[in-house]
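J.: So that we are looking at the same thing, I have put the structure below in structure tokens.
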Amino acid sequence: MRVLLAVLLVTAVASADEQVQRIAPRRATCTPNGSIWFEVQHRDTAADAAQTSVKLYGNGAVTTTRTRGASSAKEAGRCLAAGEMENIESMLKKAPWKTVEIKRKVACTTTSTKSKVISVFGKRVFTDRECKERALDRTSEATVEQLEVQIGSSAMRKDCNENPLAKGCF
2 MRVLLAVLLV TAVASADEQV QRIAPRRATC TPNGSIWFEV QHRDTAADAA QTSVKLYGNG
62 AVTTTRTRGA SSAKEAGRCL AAGEMENIES MLKKAPWKTV EIKRKVACTT TSTKSKVISV
122 FGKRVFTDRE CKERALDRTS EATVEQLEVQ IGSSAMRKDC NENPLAKGCF
């Protein structure tokens, strides 16, 4: 009886593991290789401020690097599945990556040391600043938001950039 239960348990666990692999195939961490498809850099020109860079490579590798002064920390990279990469490539190519003028009734006089630089296929497409005169078009902005979710890096979350010690941040 115990042998039968053990066999049933092993079979059930193997079947469940097989189901998970079919639903969400995962790849082990991989070494960044090939061209950089998408990059977001959070920069701060203030003295001793943290800088963050998130890169998505053509082979599916995702890296996050945080630098403060002379020290830097690299988050363990992970790999996106081939199907995810096909979807991301399509999204990146479909987005127009254009900017639109922001019309203000009152002049913006705020100054900030922070900026967010977005690059696609090695080309800088937008630099976001506090008092910007231009913004990304809606389609491109939606693409960036989708990539933030798909890539899943805490460095792309606004709350993590404002407070790196926030829950779930690097």
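Heads up: the sequence shown at position 2 corresponds to 3 in my numbering, and the numbers run straight through without jumps. We treat Cβ as the ideally placed atom computed from N, Cα and C, and that holds for glycine.
Rank E76, C31 and E40 by C-alpha distance to the C-alpha of V118 and give the top, closest one.
T.: With distances taken between Cα atoms, V118 lies closest to E40.
J.: Rounded to a whole number of angstroms, what is the C-alpha to C-alpha distance between T32 and V150?
T.: Distance between the alpha carbons of T32 and V150 is about 21 Å.
J.: Which same chain residues end up closer than 8 Å to S173 when comparing Cβ atoms and leaving out the 5 residues on each side of it in sequence?
T.: The requested residue 173 is not part of the displayed model; the chain covers only 2 to 171.
J.: Would you mind working out which of T46, Q42, A47 and A48 sits nearest V55, comparing C-alpha positions?
T.: Cα-wise, what sits closest to V55 is Q42.
J.: Return the first residue and the last residue of the alpha helix (DSSP H) that R105 is part of.
T.: Where R105 is concerned, there is no enclosing alpha helix (DSSP H), given that its DSSP letter is neither H nor E.
J.: By Cβ distance below 7 Å, which residues in the same chain neighbour I152 in space, the five residues on each side in sequence not counted?
T.: Correct list, in chain order: V55, L57 and V63.
J.: Ordered along the chain, which non-local residues of its own chain (more than five positions away) have a Cβ less than 7 Å from that of D129?
T.: So the list reads S116 and K117, once near-sequence residues are dropped.
J.: So what does S54 bridge to, in DSSP terms?
T.: Bridge partners of S54: Q42 and T66.
J.: To the nearest angstrom, how far is the alpha carbon of G78 from that of D45?
T.: Taking the straight line from one Cα to the other gives about 23 Å.
J.: Using the beta-carbon count (16 or more within 10 Å), is S91 buried or exposed?
T.: With fewer than 16 other Cβ atoms within 10 Å, it is exposed.
J.: Looking at the secondary structure, which residues open and close the beta strand (DSSP E) in which L137 lies?
T.: Run containing L137: R135 to L137, per the beta strand (DSSP E) assignment.
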